[in-house]
Amino acid sequence: MKKQDKLKAVLLLSGGIDSPVAAKIAMDRGIELVAVHFSLEPFTDDSPKKKSISLAKKLGIKKVYVVKHGDIHAEIIKKINHRYYYIVTRRLMWRVAEQIAEKEKCGFMVTGENLGQVGSQTLENMGVIDNAVKIKILRPVLCNDKNETIDIAKKFGTYEMSCGPEMCSVLGPKHPATKSTVEIIENEEKKLDLKRLLNESRENIEIIEP
Amino acid sequence: MEFEIKPCKTRAAYSVKPKKNIKLNLSKLKGNFRIKAETPIATVIEVDGEEIIVHRHGELKFKKLRDENKIKKIAEEIYEKTG
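Residue numbers (my numbering), protein chains in the order written: chain B, 1 to 210; chain H, 211 to 293.
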């Protein structure tokens, strides 16, 4: 594919294997990235945040927005049906990222989502998550086989960094919903004060230049 | 209660898991420990400056502490208060 000029996107950077690979693929197409990392502290330690910053540096990303979201996720869990946790929280994170994209004049969003890799990452759920925002979403590793992504990560030199110590979040349900609808999720969201949660997310942003 | 102590998969933390299936009463942490954050699924507490995530199914995650004797002592106290 021919490199394109002046494209800018926000990247959702988790610190795992997939999102740095998605980033590298996008950057190789000439896309400039601003990273957004959602930290679930205190329900994890600071290792995902540190890894994300190191990965951003390795990738040559100049700005990382770290959004402290642990307390917000805690509030969401108390109010919604736990099975929909991943979908509701992702919709909120997408909205926050969309606002950052607007501020940074980014035309779209890049994610490391991979179809079927985790129970919640189904086409149905992705459609429901996309519905929360207007921004276009690019998923460079969506249909990759995991080993394919690992091979690319090893080639790019991000694999070892992604595999470093990381404390997983304990907040997810044992059996997440694999099929949801916009109607179901919007009903769950009615239990939340989304406007306030969005404001609180914005107030908990730290901008880091790796 | 019998439990096992070992580093978790990526060695980022120490994990304590009961050998039998249990369910903890997380609300009993209040008043006994300093609470940093809470949900119905897990509560984050602080003991002697160490942050610990207490899962309702009994798993404890020690974020920084690596002293297994101290981990054992704190785990016993948590299980005693919430079991």
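Glycine residues also receive a C-beta, built at the ideal position from the N, C-alpha and C atoms.
These figures come from a predicted structure and were not determined experimentally.
Test item: CB-CB of residue i and residue j under 8 angstroms
{"i": "B/Leu55", "j": "B/Thr149", "result": "no"}
{"i": "B/Ala272", "j": "B/Leu142", "result": "Summary: the structure shown does not reach residue 272 of chain B, with chain B confined to residues 1 through 210, and so no result is reported for it."}
{"i": "H/Lys273", "j": "B/Met93", "result": "no"}
{"i": "H/Glu256", "j": "H/Arg244", "result": "yes"}
{"i": "B/Ile135", "j": "B/Arg90", "result": "no"}
{"i": "H/Lys271", "j": "H/Cys218", "result": "yes"}
{"i": "B/Leu13", "j": "B/Arg95", "result": "no"}
{"i": "B/Pro210", "j": "H/Arg221", "result": "no"}
{"i": "B/Val66", "j": "B/Glu188", "result": "no"}
{"i": "B/Asn204", "j": "B/Lys68", "result": "yes"}
{"i": "B/Tyr86", "j": "B/Gly15", "result": "no"}
{"i": "B/Lys191", "j": "B/Lys79", "result": "yes"}
Environment of residue i [buried if 16+ CB atoms lie within 10 Å]
{"i": "B/Met235", "result": "Because residue 235 of chain B is not part of the residues shown, which for chain B are 1 to 210, the question remains open."}
{"i": "B/Pro176", "result": "buried"}
{"i": "B/Arg202", "result": "exposed"}
{"i": "B/Ala101", "result": "buried"}
{"i": "B/Ile207", "result": "exposed"}
{"i": "B/Asn40", "result": "As written in the sequence, residue 40 of chain B is Leu, which differs from the Asn given in the question. So B/Leu40 counts as buried."}
{"i": "H/Lys283", "result": "exposed"}
{"i": "H/Ser237", "result": "exposed"}
{"i": "B/Met1", "result": "No answer about B/Met1 holds up, because its pLDDT of 47 lies below 50 and its placement is not dependable."}
{"i": "H/Met211", "result": "exposed"}
{"i": "H/Pro250", "result": "exposed"}
{"i": "B/Leu115", "result": "exposed"}
{"i": "B/Asn144", "result": "buried"}
{"i": "B/Asp193", "result": "exposed"}
{"i": "B/Lys3", "result": "Legend: pLDDT at B/Lys3 = 49, less than 50; position of this residue unreliable, no value from coordinates given."}
{"i": "H/Glu214", "result": "exposed"}
{"i": "H/Lys229", "result": "exposed"}
{"i": "B/Glu113", "result": "buried"}
{"i": "B/Glu98", "result": "buried"}
{"i": "B/Asp45", "result": "buried"}
{"i": "B/Asp18", "result": "buried"}
{"i": "H/Lys216", "result": "exposed"}
Rounded Cβ spacing between residue i and residue j (contact assumed at less than 8 angstroms)
{"i": "B/Phe43", "j": "B/Val170", "result": "6 angstroms"}
{"i": "B/Gln121", "j": "B/Lys146", "result": "So it is not a contact: roughly 12 angstroms between Cβ atoms."}
{"i": "H/Lys227", "j": "H/Gly268", "result": "7 angstroms"}
{"i": "B/Ala22", "j": "B/Pro140", "result": "4 angstroms"}
{"i": "B/Met161", "j": "B/Ala9", "result": "Not confirmed; about 21 angstroms, so no contact."}
{"i": "B/Tyr107", "j": "B/Leu33", "result": "Checking the displayed sequence, the identity of residue 107 of chain B turns out to be Gly instead of Tyr. In fact, because the Cβ distance is near 12 angstroms, the residues do not count as touching under 8 angstroms."}
{"i": "H/Ala223", "j": "B/Gly70", "result": "That belief does not hold up - the Cβ atoms of H/Ala223 and B/Gly70 are roughly 15 angstroms apart, past 8 angstroms."}
{"i": "H/Arg266", "j": "H/Leu234", "result": "5 angstroms"}
{"i": "B/Lys24", "j": "B/Leu59", "result": "6 angstroms"}
Where residue i meets chain C, residues with beta-carbon distance less than 8 angstroms
{"i": "B/Ile77", "result": "In the structure shown, chain C does not exist; the protein chains are B and H."}
Query raised in the report: Is there contact between the segment 73–91 of chain B and the segment 44–51 of chain B, where contact requires at least three CB pairs shorter than 8 angstroms?
Result: As far as the Cβ criterion goes, the segment 73–91 of chain B does not touch the segment 44–51 of chain B, which means the pair count is below three.
Report task. Entirely within the segment 36–113 of chain B and at least 4 residues each: give me those alpha helix (DSSP H) ranges in chain order. Result -> Runs of the alpha helix (DSSP H) lying entirely within the segment 36–113 of chain B, each at least 4 residues long, are 47–59, 70–79, 85–103 in chain order.
Query - Ordered list of beta strand (DSSP E) runs contained in the segment 250–293 of chain H, each at least 3 residues - result: 252–257, 260–265, 270–272
Query raised in the report: For the segment 129–183 of chain B, which segments carrying the beta strand (DSSP E) assignment without a break, of at least 3 residues, lie completely within its bounds, in sequence order?
Result: 136–138
**Report entry** Sequence ranges, beta strand (DSSP E) only - wholly within the segment 221–251 of chain H, length at least 3
**Finding:** Fully enclosed beta strand (DSSP E) runs of 3 or longer: 224–228, 244–248.
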